[in-house]
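First residue of the sequence shown? That's 37 in my numbering, and the numbers climb one at a time after it.
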Amino acid sequence: MTITLTDAEMSYPWVTAGEAGRRRTPPVVGPVTLELGDGVVGLVGRNGAGKTTLLGLLAGQLKPSVGTVTSGGRDAFDDAVVLENTSFTGVDIDYAPSWTVQGILDIFARRYPHWNADEAARLRDAFGLVETSTYGVLSRGQRTAVGIIVGLASHTPVTLFDEPYVGLDAQSRRLFYRELMDSVEADPRLVVISTHHLPDLERIVDRVLVLERGQLIHDIDADDLSGRFYRITGSQARVDALVSDAPGLTVLERRDMAGASRAVVDLGSDRTGGDVLPRQLSDLAAEPVDLEEAVVQLTGGETP
């Protein structure tokens, strides 16, 4: 199922501004124009960047203040068909404290037509959840696991995870990673993961969306991540030469000290900056940076 956003914005309702009267607050998200199809998409950005709000728009749970959001060709907001074909789980989605683990799974089994009960039971056991445990007594990580099970077992054409690593230990994160990859391979669909846990994300995504203050500042294919971002170290003169010889290269961070320079550079999606690297690397140290470091630099040098 394809989701299309066209100049979509999401603002809070009108607020009173004293003598200025009522006004709409600045957009939390947008304007965003974007098309998403099958594959695993990572949604990253700092706290307050608008990730959860964007997921709400994709899920049809929020109506854009401006622009349009369609899912499978239908207006996404509050559409019964869209909601039936979309699962959205995350840290801010809670259930009644008295509901049991199995009771929650049974509710979603009735909601989603492609629900796989056997898979849900297997995942419940794999995450160490007791079916009779009530939601109110579960730890943060166990609650996260319930959401993961709902997302994976629903087999909806659109599956949205908001911070699915919160509270999970390393073993449970690896389990989620493995199960997600197996599930998507067997049943291709659109999966969007909003997360701060970038090391694991790099291994599983086909595409990365970077949000900053509600704006989609980068849309990067996973294949494009490899060999695009480098940390360059050498003399200031040689780094200056590298930058001047590669007009398509963007310096994300640079530090000069005692005649030496260290810089993180982006060669660009078309690699126009990459053609010069082989000629310059003879007297420069260059190493590719991982997704986490790249996103830190793309969002202004702060950890998302």
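Don't be surprised by glycine CBs; every beta carbon is placed ideally from N, CA and C.
The beta strand (DSSP E) enclosing residue i, as first and last residue numbers
i	result
T69	65–72
T40	39–46
E323	321–324
V244	243–248
V105	102–107
L79	75–80
DSSP-derived helix/strand/coil call for residue i
i	result
V127	coil
A258	helix
Y266	strand
E199	coil
L223	In the sequence as displayed, the identity of residue 223 is Asp instead of Leu. Coil.
G309	Residue confidence is low: G309 scores 48 on pLDDT, short of 50, so the model does not pin down where it sits. Its coordinate-derived value is still stated next. G309: coil per DSSP, three-state reduction.
D292	strand
D302	strand
R214	helix
D115	coil
L252	strand
S208	helix
V275	helix
V173	helix
S280	helix
Reference residue i, options the options, closest by Cα
i	options	result
D260	I129, D302, A44, I184	D302
I229	G295, E289, V202	V202
R290	G284, V300, V80, A296	V300
H191	T122, V137, D319, S297	T122
A330	A85, L234, G73	L234
I185	L159, S297, R239, R214	L159
R243	V76, A44, D43	V76
L72	A85, Q97, T136, S107	S107
D43	L93, D142, R225, L226	L93
F163	P149, H150, R179	R179
F212	Y48, F197, R146	F197
A322	F265, A156, F144	F265
L204	M37, S175, A222	S175
Endpoints, the alpha helix (DSSP H) within which residue i is located
i	result
G92	87–95
T180	176–190
F144	137–147
A153	153–162
V332	327–334
L234	234–240
Whole-angstrom C-beta distance between residue j and residue i, which should lie under 8 Å
i	j	result
P200	G183	7 Å
I140	Y131	5 Å
M37	V194	5 Å
Q333	L288	4 Å
G81	V246	6 Å
Interface flag, residue i vs chain C, CB-CB below 8 Å
i	result
A294	Absence of chain C from the displayed structure is noted, only one protein chain being present.
Contact the region 103–117 vs the region 257–276: 3+ CB pairs below 8 Å: The region 103–117 is not in contact with the region 257–276.
The region 115–129 contacting the region 162–171, beta-carbon criterion three pairs below 8 Å: By the Cβ test, the region 115–129 is not in contact with the region 162–171, since fewer than three Cβ pairs between them sit closer than 8 Å.
The region 78–92 contacting the region 269–288, beta-carbon criterion three pairs below 8 Å: Because the criterion of three Cβ pairs below 8 Å is not met, the region 78–92 and the region 269–288 do not touch.
At least 3 beta-carbon pairs within less than 8 Å: the region 68–79 vs the region 240–255: They touch, by the three-pair rule.
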